[in-house]
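Protein chains in written order, with numbering that gives the first Met the number 0: chain A, 0 to 721; chain B, 0 to 702.
Glycine residues also receive a C-beta, built at the ideal position from the N, C-alpha and C atoms.
Note that the structure is predicted; figures quoted are calculated from it, not measured.
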Amino acid sequence: MSTVAEPARNLRDFDPISFEVIRNKLSAIAEEQAITLKSVSGSPVVTEATDFNNGIYLADGSTVTMGPQVLFHSGTMSSVIENVIAQFSENPGIRPGDMFILNDPYRGAVHQPDVAIVAPLFDGERLIAWAGSCAHQLDIGGMSFGSWAVDAYEIQQEAMLLPGVKIVEAGEIREDIWQMIMGMTRLPMVLGLDLKAMIAANNVAARRLEQVMERYGTELVLGVMEAEIEASERRLRARLRQLPDGVFRAVDFLEHDGHEDLLYEVRLAVHKRDDELVFDFEGSSPQAPGFVNCTRAGLVGAVFTALLPILAPDIRWNHGILHPVEVRAPEASIINASWPAPVSSGTVSAVWVATNVSVAALSRLAACSTATSSEAAAITKGSMMVLTLAGQDRDGGPYGTFVLDSTAGGGGAYADHDGISGSGDYCVPRPSIANVESNEAGGPILYLYRRLVPDTAGPGRRRGGAAVGLALTPHDVDELAAMLISHGVEVPNSAGLFGGMEAACNDPLLLRESEGTVGRVLDPDGLRAIAGTEETGPKPGHFRLAAGQVFAYSFQGGGGFGDPLDRDPEAVLADVLDGLVSPESARDHYGVVVADGALDATATAARRAEIRAERLGTAPAREVPVDAGAEGEPLGPYLARGADGRLRCRCGEDLGAVAENWKPRAARRLVGPEAHGRRIRLHPGLELREFSCPACATLLECEVGRVGEPDLHTIELEDRAG
Amino acid sequence: MDYVGVDIGGTFTDIVVMDDKHGLVTTKAPTTPGELERGVFDGLALIAGERGISLEQFLAGVESFGHGTTQATNALIERTGATTALLTTAGFGDTLFIQRLMGFTTGLANDELGWYSRRRQPEPIVPRRLVREIGERVDQAGQVLVPLDEDGARREIEALLEAGVEAFAVSLLWSFKNPGHEQRLRELISQLGGDGLFVSLSSEVSPVIGEYERTATTVLNSYLGPVVAAYLDRLEQGLRERGFGGQFSVMNSIGGVMSAGDAAAHAVLLLASGPSGGVIGSRYLAEMLGHGNVITTDMGGTSFDVGLILDGRPSISSHTQVGGYHLSAAMVDITAIGSGGGSIATVEDGMVRVGPESAGAMPGPVCYQRGGTRATVTDADLVLGVIDPDTFLGGRMKLDKAAAEAAIAEQIAAPLGEDVVKAAAGIRRIVDSQMADTLRQLTIGRGHDPRDFVLYAYGGAGPMHCAGFGSDLGAAKIVVPAVSMVQSAYGALASDIHHSAERSHLVRAGGGPQPLTAGIEVDEIEERFQALEAECLERLRGNGIEPGQAELRRSVDMRYRRQTHELIVPVDAGPLEQAALEALFERFEGMYEDTYGKGAAFREAGIEMTTFRVDAVGRRRKPSLQATAPVAAEGRGSRRVYDTAVDGYADAAVVQWGGLGAGAELPGPAVVEHPTTTVFVGSGQVAAVDRHGNLVIEERSTA
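Written out as structure tokens, the structure is:
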């Protein structure tokens, strides 16, 4: 039997220097864990996409250190450990040398492929801490390759479910459990290597932590761990107190549940008061019959993923950051599913969209104080496309892969700089994709192109990042079995901020009948121009890709920041010359006229005036310099709260009391998707709204909403008396 | 005859001269930006003057001139290379901009990764407008799927020439499998632009798999080539005009030297020329001292460069990051972290942090009086008495101790409620511990135990801190080389002629129940190595080294199938036969388990050979380091130094390094001073001078 370490140590028992030295050692241990995991793992998901995480945890599961890998896992290792403690402390017991394996999303995992192994650490008989690792697995069984169970209606169909099984007992791998797990996967070699990698990483952490405790004393090290958590909590609370109180809202959508092309929504209101945040997801859609849901563990991961880079980029990432945060979500909803709802694509579906709304709401909060406004960002690549390929390799052996190039979307723009083109996903701090040559060497495929796609970036005063697109065809084999799941084909998830526009949608294309595409198809527009090219829609599921056939997709770019008419025409020209923005988009979205590789200043001024008049239905009454800001406490770049509690545009226009929604006072119009980009599509259930200042025509906000639904009150500041 | 080694750094030009008569002489002259060769001549004139001869007389007696240069690195950092165009396969023109998504995280420490708003991509070396896509396609087997569109290529080349392009890089998919299209494009460039244009082909510069890194390497080679060629020409001409008749060679990044002509054609190989000189100097020293495994640490004002020597060979990495780009050229594996004397200490919310922000050399630490206002590591060293304000750099640079104290008192001590000495000691403890943590990660990450290593400490700040981080790391022994202040120049002097050739080619073996080497044609492998050897010997011959004098080393990159990380496995000298092949595979599995732990090997997956490589070394005659004659210890004094190991002040002996003879022993706490550096020996440690004049520091209990 184990006992849990006593908490509540006096923080002033140790000096700040020892604290810093030991704290650094704990971070170094997490890094050594990561090095071990990456080295032993053979999976590109781990080595290239860094879809893993590891760390050290307190006896109760609170996160002390975590690696900078996929952020979705950041909150969930704690819930994994809490579940193991709650379920298995008595039987089979938690003892020195044991490790537990868990992938059940209803018991703490994000989704089934994210397999976690956690190891309790003891000082004699006393449980003092945990080490843990988790990594996304290429296949953990179930009804389809890759364990993305597009056809599932219940979790039992999706994949193996491990509730926290003792896989290592007294330092030895249990052969019976090992063989059972290996028998349920299609890729035992890959899974086996990854499980060994996680076990090795935990062993490294255990050994190193023991050495540090030997040197500095167990109590001191445990004290530092707790103090580290308290310090992060203290710093986040201090930051929150700098920000105004209020409610910050966002909404985003997800199309297709695997069975039917229905529209689901994730709604979020972040209530910020004093030094606390409540994330309330009330109003989100009920759970879907298909695999797009997530459990509470995934939802907490989504919240954490948004919060860390926006409000805590300079704070140590650990459990302390969760303490000021409360997450509320309706039961049996798409972001808090009830058993046995299927959840195997939760990470790339509900969790992703929950991250988008969290980033949007927190960016709105951050933009309301000069202390944090530089961290406010438009959405980075608001979706994920999962493509798996399987079949026979050139040498006749088995081939199966998860094409990870689809992380190469565009980054959201910030107030002071453009988003990154080819940015990777928001949830991955250090992304990478493999070389084309590595992928062609690794399997029987040929790329026709892999490039940045023009007009994928969200227009704005600061442009979003452009996305990558690529086309594949089987090579040296007759055919491959493909499977594609995605969302964001008919929903522009990469929303802009403060008048910045949405980035392109995902664009999956299939060409079944054609000859001689190699060397001829060099970009998505070229492919579209070939007769017979069809759009696959978001979730075609399984399809056959025969030799000569071409599958192509491009990804969502990053949302723009601020009114595109504010953008420096020279910057637009540079984008045109670099091929990131087409001359048509420069004219239609930025109001910049480029002819023969040069700016036409007169035509640009006229075009911009024309667009402003279109927004209002008449010429604007006021004109403001493009670099003008509003006076008072900012609500983003254009609006501010005056001393009289009124909300005003930078041109001086009064937009009402600060606690009221300003949108009814704005010039509102519905526009078609092409008004924001030629690669934007809208699900029939959605509409695109623009809100401009009625006096100066500055574009203040773009909003995607359900047809006919009320406009969202995005920033609702508390009305401070006096 | 004299041997000269020169290393041009940002602040100082280091020169080391060795011959059998005068032993070893070192000097430092200020670097002369814009006209770097002048600093070299100034420094050499100084040495000639000491001998009472003219610069011309001195140069006439120089047999070999080895040069480490940061010229290429500077041109990259300052973006002052040639206007370069890139020709690449149609459909893939953005490869250099997408950077496999790694461009904006390059060089960031783990705790900086989460600050998304600070991410930036590197300033492009080639603007997108100068990248042109050429119709052609070759597949992974080297088979041409789309023939080269020569008309299109001509049009693009002409347009680029018109745009004022000075150098071309050509990098096509799978060109290392079939270089035909790249070679044809070079012909077209010559036809249209003349033979004088600098052209690099990826199939020659870096014939290895991975188009992003290969393209970056090729582009950098063209970008830097013209600049490096011009500079080396000027320097060599200058030397020859002044009477130099010996061999002129340039330190490269793989740990050898090349002729000026080879260096200009392979300019990208000079990108780590300076730091690799330090590692190579260490390697040569390690050979003399019989140290197999060495961690080399070069701690300067802004950075901490770490290298490894394993079994007498410098650790080589096939992937390097420079200036925001990733290269596939094999280079001495040097990891730079942002800890140095200039690292800034801060207190936030009652917690102390040191670095990664640095005051650098300008404005530098507060005590330098160059405008720095924020407390740094060097300021802490000064407050604690580790360095003496009057004797720092031989008294050439006066330090303001009061200002350092005031800065630490105000910025660190006051917010912590500590006294200034405790605060300074804290800064020192934290930075020493951070460096030890980094060294541990680097050794463990390569599968080694840091306790099996000897630690070499050099660079301006290294010897002041090695007692602390070496002891924290648990290194067996610490050596401060006699040439520690000019380690890189020494490397340029001591290294051999080195060429390497490599080629990617995927060979799969074994898998499932099959024997490990099943599916391999041993003769074909032998042929590959022979071709690479011929290439190396040819280049050595160009340096006047006959095949008989050359040492050839074969290696191959191997991995388990599906893994992305390879190990570089040494291959015994040929000819390769079945038994040797099997031994090679066993060696790989052994290395793998050594690196990743017992039981990690995964032979069921099968094993792949990916890149074949030959390193060729032409040995050069070198003078040996002289044993210094024992001299009575003079200038011995003492001062109060705060030693963090015992958390208190101690009376430390202060001696001049020059006054210590071979065999001298010095128990810590002690300070050994030298005109260009200061060595601190901690309480509980003892320093001894070996017969070559190096300081060897060990824990007293094990001494």
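Checklist entry - Quick one: any contact between the region 487-494 of chain A and the region 43-62 of chain B, if contact means 3 or more CB pairs under 8 Å? => result no
Checklist entry - Do you know offhand how far A/GLY540's Cα is from A/MET142's? => result A/MET142 has its alpha-carbon roughly 13 Å from the corresponding atom of A/GLY540.
Checklist entry - What residues in the region 89-106 of chain B bring their beta carbon closer than 9 Å to a beta carbon of chain A? => result ALA89, GLY90, PHE91, GLY92, ASP93, THR94, PHE96, ILE97, GLN98, ARG99, LEU100, MET101, GLY102, PHE103 and THR104
Item to check | the region 660-671 of chain A in contact with the region 461-473 of chain A per 3-pair CB rule at 8 Å | outcome: no
Checklist entry - A/SER73 and A/LEU307 look like a contact to me (Cβ under 8 Å); what is the Cβ gap, rounded to whole Å? => result 7 Å
Checklist entry - In the DSSP assignment, what residue or residues form a beta bridge with B/ILE606? => result B/ALA508 and B/TYR559
Checklist entry - Among B/PRO32, B/MET287, B/MET434 and B/ASN251, which has the Cα closest to the Cα of B/ILE496? => result B/ASN251
Next on the checklist: Taking CB distances under 8 Å as the criterion, tell me whether B/ASP348 reaches chain A.
Outcome noted: yes
Checklist entry - At least one CB of chain B closer than 8 Å to the CB of A/ASN23: is that the case? => result Yes, contact with chain B.
Checklist entry - Is it buried or exposed for B/THR217, if we count other Cβ within 10 angstroms and need 16 for buried? => result buried
Item to check | Cα-Cα separation between A/SER493 and A/ARG248, rounded to whole angstroms | outcome: 16 Å
Checklist entry - Which residues in the same chain as B/ARG153 place their Cβ atom closer than 8 Å to its Cβ, once the five residues preceding and following it in sequence are excluded? => result LEU187 and LEU191
Next on the checklist: Taking only three categories from DSSP, how would you classify A/ASN335?
Outcome noted: For A/ASN335, the secondary structure class from DSSP, reduced to helix, strand or coil, is strand.
Checklist entry - Taking all protein chains shown into account, do 16 or more other C-beta atoms lie within 10 angstroms of the C-beta of A/VAL625, making it buried, or fewer, making it exposed? => result exposed
Checklist entry - Going by C-alpha distance, which of A/LEU253, A/ALA268 and A/HIS270 is nearest A/LEU262? => result A/LEU253
Item to check | Under 7 Å by beta carbon: chain A residues contacting B/ASP1 | outcome: Within 7 Å Cβ-Cβ: nothing; B/ASP1 doesn't reach chain A, min ~46 Å.
Checklist entry - Under three-state DSSP, which class holds A/TRP177? => result In the structure shown, A/TRP177 sits in a helix (DSSP, three-state: H, G or I).
Checklist entry - Going along chain A in order, which residues have a C-beta closer than 9 Å to the C-beta of B/VAL453? => result Neighbours of B/VAL453 on chain A: none; closest Cβ ~21 Å, over 9 Å.
Item to check | Three-state secondary structure (DSSP) of B/TYR591 | outcome: helix
Next on the checklist: Please return the same chain residues whose Cβ sits closer than 8 Å to the Cβ of A/HIS416, not counting the five positions on each side in sequence.
Outcome noted: ARG461
Checklist entry - By the criterion of Cβ-Cβ separation under 7 Å, what are the contact partners of B/ARG127 in chain A? => result Within 7 Å Cβ-Cβ: ASP577 and GLY578.
Next on the checklist: How far does the alpha helix (DSSP H) with A/GLU700 in it extend, from its first residue to its last?
Outcome noted: Where A/GLU700 is concerned, there is no enclosing alpha helix (DSSP H), although the beta strand (DSSP E) it sits in stretches over 698-705.
Next on the checklist: Can you pull the chain B neighbours of A/TYR413, defined as C-beta to C-beta under 9 Å?
Outcome noted: TYR115 and SER116
Item to check | Cβ pair A/ILE55, A/ILE28 closer than 8 Å | outcome: yes
Checklist entry - Quick one: what does DSSP say A/ASN53 is sitting in, helix, strand or coil? => result strand
Checklist entry - For the region 139-153 of chain B, which residues have a CB atom closer than 9 Å to at least one CB atom of chain A, in sequence order? => result GLN139, ALA140, LEU144, VAL145, PRO146 and ASP148
Next on the checklist: With three or more C-beta pairs closer than 8 Å as the rule, is the region 447-463 of chain B touching the region 284-297 of chain B?
Outcome noted: yes
Item to check | Same chain, Cβ closer than 7 Å to B/CYS366, five either side skipped, listed in chain order | outcome: THR377, ASP378, LEU381, LEU398, ASP399, LYS400, ALA402 and ALA403
Checklist entry - Skipping 5 residues on each side, what residues in its chain have a beta carbon closer than 6 Å to that of B/ASP261? => result Nothing listed; no residue qualifies.
Next on the checklist: With a threshold of 8 Å on Cβ separation, who are the neighbours of A/GLU153 within its own chain once the five nearest residues in sequence on each side are excluded?
Outcome noted: Cβ neighbours of A/GLU153 beyond the five flanking positions: PRO339, ALA340 and PRO341.
Next on the checklist: Using a 10 Å radius around the Cβ and a threshold of 16 neighbouring Cβ atoms, would you call A/ASN434 buried or exposed?
Outcome noted: buried
Next on the checklist: Once DSSP output is grouped into helix, strand and coil, what is the label at A/ARG272?
Outcome noted: strand
Item to check | Cutoff 8 Å: B/SER201 Cβ touching any chain E Cβ | outcome: Absent from the structure is chain E; the protein chains it does hold are A and B.
Checklist entry - Interface residues of chain B around A/HIS474 at Cβ under 7 Å? => result ASP138
Checklist entry - Do you know offhand how far B/ALA82's Cα is from A/ALA199's? => result According to the sequence shown, residue 82 of chain B is Thr rather than Ala. Computed Cα separation, rounded: 49 Å.
Checklist entry - How far does the beta strand (DSSP E) with B/CYS465 in it reach, from first residue to last? => result No beta strand (DSSP E) holds B/CYS465; the alpha helix (DSSP H) holding it covers 461-472.
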